[in-house]
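Using full-length UniProt numbering, the first residue of the sequence shown is number 1, and each one after it goes up by one. Positions of the beta carbon are idealized from the N, C-alpha and C atoms, including for glycine. All of these numbers come straight from a predicted model, not from anything done at the bench. Quick notes on the structure that follows.
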Amino acid sequence: MSIVTKTGDKGETGVMGKRLSKDDVLLETIGELDELMAVMGIVKLKIKINELIIKNINNDLYKISGLLAGWKVEIDLIYKKEKKMKLVNRFLKPGDDLDVWLNWARTVCRRAERRMVSLNKVEKIDKNILIFINRLSDYLFIIEQGWNSLTVPLR
1 MSIVTKTGDK
11 GETGVMGKRL
21 SKDDVLLETI
31 GELDELMAVM
41 GIVKLKIKIN
51 ELIIKNINND
61 LYKISGLLAG
71 WKVEIDLIYK
81 KEKKMKLVNR
91 FLKPGDDLDV
101 WLNWARTVCR
111 RAERRMVSLN
121 KVEKIDKNIL
131 IFINRLSDYL
141 FIIEQGWNSL
151 TVPLR
């Protein structure tokens with residue numbers, strides 16, 4: 001099987017037996033999730049702690065990308081983390097390279113969420129997917145704040 005099929009040379013691609021324009025909102029959404037998975041992979045390599053959590057997040061993102069139904073997301077994890085941390089109500093300046101990667105992951109996650117909202121206007125998607133991606137960006141912010149407080153003095 002060849003990767004190069006030439007079927008996408010005219011700006012379309014095949015998804016689930018249909019031909020879609022490469023700028024279709026579904027493909028935009030999947031592309032944003034793809035980028036988020038790549039950034040989360042780098043975060044996993046850098047952070048060395050809670051690798052299982054990052055792996056599970058990436059597994060969920062992979063499932064969402066395929067628009068599969070029936071997966072379960074533990075959103076309580078975000079609330080548990082948030083209760084343990086003193087959150088600041090201001091913008092944070094990244095402290096080190098991991099902090100920058102976490103910040104990038106969060107912003108990519110927010111962009112993916114905006115694409116999902118656009119997709120939802122055209123083609124209804126499971127509300128739990130929207131909830132998950134919103135809470136994931138919150139979770140990434142919480143992780144970033146926790147890491148930032150260890151590396152950058154608060155002033």
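In angstroms, rounded to a whole number, what distance separates the CA positions of residue i and residue j?
| i | j | result |
| --- | --- | --- |
| valine 4 | glutamate 35 | 21 Å |
| lysine 22 | isoleucine 131 | 26 Å |
| leucine 87 | glutamate 28 | A caution first: leucine 87 carries a pLDDT of 48, below 50, which makes its placement in the model too unreliable to give a value. |
| phenylalanine 141 | asparagine 128 | 20 Å |
| glutamate 12 | leucine 20 | 5 Å |
Taking DSSP as the reference, what is the three-state secondary structure of residue i?
| i | result |
| --- | --- |
| serine 137 | helix |
| residue 162 | This structure cannot settle anything about residue 162, because the visible part of the chain is limited to 1 through 155. |
| threonine 107 | helix |
| glutamate 12 | strand |
| glutamate 35 | helix |
| serine 118 | helix |
Considering only the beta carbon of each residue, do residue i and residue j sit closer than 9 Å?
| i | j | result |
| --- | --- | --- |
| isoleucine 57 | tryptophan 101 | no |
| isoleucine 133 | cysteine 109 | yes |
| aspartate 126 | lysine 46 | no |
| valine 15 | leucine 33 | no |
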